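Worksheet: one structure, shown below.
Protein chains in written order, with the working numbering: chain A, 338 to 827; chain B, 338 to 827.
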């Protein structure tokens with residue numbers, strides 16, 4: 338297994354190599370579309386299952402809406418048209434035919450669609466067109482629906498997981514009778530995301546609101562969670578939008594309220610995607626490969642036998658099988674890597690690359706002494722542990738690793754978040770010490786744009802927990818009530 | 338809630354009405370694409386979860402491949418080109434733009450793709466193009482991968498679940514070192530499907546092989562499961578293909594065997610889709626609506642309170658909550674329908690329409706007597722059951738319903754399968770008594786085509802368990818070694 342480029346040498350190359358070498362994903366024959374490999378997909382499946390449970394516990398159900406959206410739908414919601422939906426895959430024909438000499442297929446020019454179909458970049462339009470028929474009275478509300486789906490945005494510069502033409506995601510689309518209820522929902526879901534990313538991915542996030550210019554096209558408020566990667570760049574890990582009555586008006590979705598008067602329905606939408614895989618990788622991994630938090634690792638424990646003869650292997654395997662039965666009973670996922678085609682050193686490196694949190698090794702001496710060599714992926718440290726009580730040891734170790742990974746990321750973020758009060762300092766820090774900058778801003782789009790132009794830093798969010806304090810904008814010197822969070826971002 | 342058209346009056350209309358009234362799915366604004374509504378999707382989710390577990394228990398893992406396939410890929414495998422991949426959605430452009438007066442979006446003519454992309458109708462081509470890089474040596478085999486995905490086939494006549502332009506499915510794609518191993522895999526998976534459909538959907542199936550003319554384009558052997566619907570038409574519920582080395586040759590996928598010599602890889606593919614929802618509905622449901630087998634029902638038990646005052650409701654609800662705790666502990670899914678916007682009679686009809694296997698009702702008298710009124714959906718019978726032992730009663734009842742539903746479908750199939758030995762009888766039966774016809778066939782495509790032309794019946798399969806017997810073809814009079822299964826089909 339080839340060594341990875343070091344993070345300190347070339348962070349971006351390190352990331353690209355890691356994604357491939359850890360067997361997570363690869364480029365496909367289709368520009369910008371990735372293949373998610375079995376190991377990478379098994380991590381996404383864990384994310385899916387945990388999030389799905391959280392959505393259901395908060396009252397949501399899943400449904401499925403069409404992949405295609407009629408082109409005209411994108412003209413309905415004016416902001417949505419302007420701000421979104423430009424880089425899209427467009428379906429114009431519905432049939433292939435065999436060519437004249439029967440050697441290949443070609444597009445049948447006779448089979449042209451009357452109206453082009455757009456492969457969904459997001460589904461507000463088709464879903465709100467559907468909700469029109471679902472909602473008649475206040476009794477039909479709220480609608481709390483989520484969809485797991487693939488979406489396509491024709492990105493020009495793509496990177497595995499972080500920015501791909503096709504990606505997998507979930508999109509919640511809810512409908513409410515009142516503004517308050519919709520706002521509460523949008524707020525609730527950004528907190529569900531924060532809970533998930535912090536407690537499962539082990540990545541601390543800042544919960545905040547987007548500025549007007551960074552909001553989703555069609556939203557009146559966009560909540561987001563922002564995480565800091567090891568290279569000091571921010572990554573938006575999830576968003577939750579309060580859409581007011583914009584889509585209800587565009588698609589004429591009204592309900593009769595308790596007083597029997599028609600009103601437009603209030604909406605939210607919220608989503609996270611396979612981009613979370615990118616956040617997971619970039620927040621924790623090291624120069625040896627992936628580092629997985631135990632709460633998301635498809636394999637929490639890998640066991641490698643060390644032997645010289647078949648007899649030794651049989652002896653050791655028996656002990657391992659006993660352990661596996663106990664691991665299974667304890668709900669710990671494991672893999673016994675008894676491949677005879679690879680040597681232990683190769684296996685160690687491979688599972689290190691794949692980020693398995695705990696590695697057990699057992700050789701003839703360990704067998705004799707009733708011990709295991711226990712290595713943890715996060716700190717790369719090893720210890721010998723008695724077979725007696727090994728399950729409790731592993732259980733505690735997994736929780737310890739989960740906490741440690743989070744703490745490390747938390748401390749990193751703390752060390753790389755700067756309170757800045759002058760423009761010179763702002764420019765210096767954004768240049769020399771990438772990270773979050775907490776600074777006052779005058780609230781105007783002009784200032785925001787100028788700061789972006791001069792430094793490439795954007796306002797990641799206005800943190801929900803930002804304290805009110807009197808200050809002056811770091812750029813314009815105009816008065817400001819609270820600090821916002823700046824960073825260069827993915 | 339409107340009454341359904343009776344099955345005896347118009348089976349096809351009954352089906353269409355049921356799908357909508359039971360809240361399973363509806364037509365969308367996009368021709369041929371359906372919206373799967375939350376209740377319908379929750380049944381599909383159960384199918385997904387159970388199948389996924391069965392795939393994993395047989396050694397498979399999930400992965401994800403691109404939605405789009407370059408047009409040229411379809412020209413690679415000659416049979417695949419001829420027999421498939423004609424009615425496809427074709428992506429030709431990748432950008433929209435705002436029109437001149439800024440009122441709408443239009444396709445940007447500048448953004449034309451060099452090579453058109455096809456929305457996958459099935460993924461053999463893109464996956465085998467990917468496998469080329471995954472396989473170097475026999476050590477890399479087998480690859481046992483499955484994908485859950487949406488696919489698009491531009492059907493002209495569509496029906497909800499049975500035939501839609503976009504549908505959801507899983508497609509397994511495996512790669513093997515030997516022909517025997519690949520054949521074993523294809524055989525194993527059709528048996529997994531049969532197990533699933535019989536034990537969860539409660540639908541008996543015939544496992545068989547397809548004739549040459551009914552085989553999947555690119556396959557050398559197609560196994561299938563065939564089920565009989567209540568109108569006497571057959572429905573193909575799943576297929577498993579032995580693809581030989583056809584796709585390996587088309588995409589140049591070779592491996593070095595143990596003797597270090599290059600060989601082409603052997604392949605299988607297998608799939609089931611949301612079409613299973615159609616099979617589920619048509620096999621069991623009645624003129625009152627859906628009938629769900631307990632093993633697939635998202636809600637196994639619904640509880641309806643009957644009361645005149647709030648005091649009564651409170652009293653009853655307390656008893657119901659006690660029951661719910663016990664149901665939960667027993668792993669039985671339930672819903673307490675305490676909506677105050679609908680009367681009990683409405684609720685009874687609604688849950689009947691939605692096919693919930695067991696309905697409990699409780700009124701003041703039941704409360705006094707510590708009893709429940711227990712109604713079963715399959716037989717529409719009711720009984721009073723003491724609160725003591727109610728959980729065991731429900732558990733047994735659910736299993737009993739599952740068995741009864743299967744038995745009913747099994748008996749129906751037995752009563753509608755005819756051994757036929759003359760052409761006159763064949764024509765009479767296919768006309769008057771739709772169902773399966775078990776008859777001798779001479780094994781030629783010509784005879785098969787003529788029978789189809791004259792009667793619309795096709796050979797559904799050559800059953801795997803067909804006994805060898807000497808006979809003569811029902812059409813041509815030529816000798817035949819075994820009977821095959823004919824029917825009109827969905």
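In this text, a Cβ means the ideal position worked out from N, Cα and C, and glycines have one as well.
Treat the numbers as computed from the prediction; the structure is a model and nothing was measured.
- Between residue 569/A and residue 733/A, the C-beta gap is not smaller than 8 Å, which leaves the two residues out of contact.
- Annotated three-state conformation of residue 578/B is strand, per DSSP.
- For residue 763/A, the uninterrupted alpha helix (DSSP H) segment begins and ends at 760–769.
- One Cα belongs to residue 371/A, the other to residue 491/A, and the distance between them is close to 13 Å.
- At the C-beta level, residue 580/B and residue 473/B stay beyond 8 Å of one another.
- Nearest CB-CB separation between residue 476/A and chain B: below the 8 Å threshold.
- With respect to the 8 Å criterion, residue 694/B and residue 664/B are not classified as neighbours on the basis of their beta carbons.
- Taking the C-beta atoms as reference points, residue 560/A is found no nearer than 8 Å to residue 548/A.
- Between the beta-carbon of residue 356/A and that of residue 618/A there is about 7 Å, and that keeps the pair under the 8 Å contact cut.
- Using a Cβ-Cβ cut-off of 8 Å, residue 662/A does not count as an interface residue toward chain B, since no Cβ of chain B sits closer than that to its own.
- Note that the C-beta distance between residue 384/B and residue 633/B is below 8 Å.
- Contact annotation: the region 785–805 of chain B touches the region 535–551 of chain B, with at least three C-beta pairs closer than 8 Å.
- Residue 811/B sits in coil when the DSSP states are folded into three classes, being neither helix nor strand.
- Less than 8 Å separates the beta-carbon of residue 408/A from that of residue 442/B.
- In terms of Cα proximity to residue 760/B, the closest of 646/B, 789/B, 689/B is 789/B.
- In the structure shown, residue 699/B falls within a strand segment according to DSSP collapsed to helix, strand and coil.
- Distance from the Cα of residue 582/B is smallest, within the candidate group 598/B, 597/B, 555/B, for 555/B.
- Relative to residue 527/B, the option among 538/B, 685/B, 562/B, 493/B whose CA is nearest is 562/B.
- Counting every other CB atom within 10 Å of its CB across the protein chains shown gives residue 484/A a total of 16 or more, marking it as buried.
- In the structure shown, residue 823/B adopts extended strand secondary structure according to DSSP, grouped into three states.
- Flagged as an interface residue toward chain B: residue 382/A, by a C-beta distance shorter than 8 Å.
- Approximately 6 Å separates the beta-carbon atoms of residue 449/B and residue 429/B; this is inside 8 Å, confirming the contact.
- What residue 491/A touches in chain B, judged by beta-carbon distance under 7 Å, is 431, 432, going in chain order.
- Counting other Cβ atoms within 10 Å of its Cβ, residue 662/B stays below 16 and is therefore classed as exposed.
- 822/B is the residue among 379/B, 822/B, 813/B, 758/B whose C-alpha sits nearest the C-alpha of residue 803/B.
- For residue 434/B, there is no enclosing alpha helix (DSSP H); the enclosing beta strand (DSSP E) has its first and last residue at 433–435.
- Proximity to residue 655/A across 704/A, 477/A, 767/A peaks at 704/A, based on C-alpha coordinates.
- Any Cβ of chain A closer than 8 Å to the Cβ of residue 402/B would place that residue at the interface, and such an atom is present.
- Membership of residue 599/A in the beta strand (DSSP E) is indicated by the continuous run 599–601.
- If only uninterrupted alpha helix (DSSP H) runs of at least 4 residues are considered, those enclosed by the region 459–524 of chain A are 461–471.
- Annotation: residue 592/A is outside any alpha helix (DSSP H); the continuous beta strand (DSSP E) that includes it extends over 591–593.
- Non-local beta-carbon contacts of residue 359/A in its own chain, meaning distances under 6 Å to residues more than five positions away in sequence, involve 626, 627, 690, 691 in chain order.
- Residue 426/B belongs to the set of residues whose beta carbon lies under 8 Å from a beta carbon in chain A.
- Contact check for residue 817/B against residue 758/B fails: the beta carbons are separated by 8 Å or more.
- In this structure residue 381/A touches residue 505/A by the C-beta definition: roughly 7 Å separates them, less than 8 Å.
- Listed along chain A, the residues sitting closer than 8 Å to residue 444/B by beta-carbon distance are 408, 427, 429, 453.
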